[in-house]
Amino acid sequence: MAIARKSKKIAKDAEPSVDEKTIDALISKGGSSTKAQKLEQSDDDSLKGILVRLYQSHIRDIAGILENLPKRQRPSRHAYIVQAIEEKIQRDKGKQK
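Read left to right, the sequence shown gives residues 98 to 194 (our numbering).
Next up, the structure:
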């Protein structure tokens, strides 16, 4: 036969720890919606994670280029790709003007 502990009785007459005036003040204070905050954050230049699919041959080419660089000057693969994207953007902006 299993032995169980006696359940603890909770006092029903206990007063809540926060009074009604404090609760009403919190409710009437209000606040901003979460959607409004998200729209404000999209204006600045923040980082955005994306998925980039590359051919295996391109990855091998990048790895070969990076291996030929001196170790102290060798950027990460991510930094190399970001730098290449920035250079391409600058060239395309120059063509548009």
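Beta carbons are placed, not taken as given, at the ideal position from N, Cα and C, and that holds for glycine.
Going along the chain, which residues of its own chain have a beta-carbon closer than 7 Å to the beta-carbon of residue i, five neighbours each way excluded?
i            : result
tyrosine 177 : Ile159, Leu163
Alpha carbon to alpha carbon, how far is residue j from residue i? Give it in angstroms, no decimals.
i              : j             : result
glutamate 184  : serine 129    : 41 Å
isoleucine 107 : threonine 119 : 24 Å
arginine 150   : arginine 171  : 23 Å
glutamine 153  : glutamine 187 : 26 Å
serine 114     : leucine 144   : 44 Å
isoleucine 156 : lysine 194    : 32 Å
lysine 126     : lysine 168    : 58 Å
asparagine 165 : aspartate 142 : 33 Å
isoleucine 124 : lysine 103    : 39 Å
glutamate 117  : lysine 105    : 28 Å
Using only alpha-carbon positions, find the residue among the options that is nearest to residue i.
i              : options                        : result
isoleucine 147 : Ile186, His175, Pro167, Lys126 : His175
Just to check, is the beta-carbon of residue i closer than 7 Å to a non-hydrogen atom of the ligand COA?
i             : result
glutamine 170 : You won't find the ligand COA in this model; it holds no ligand whatsoever.
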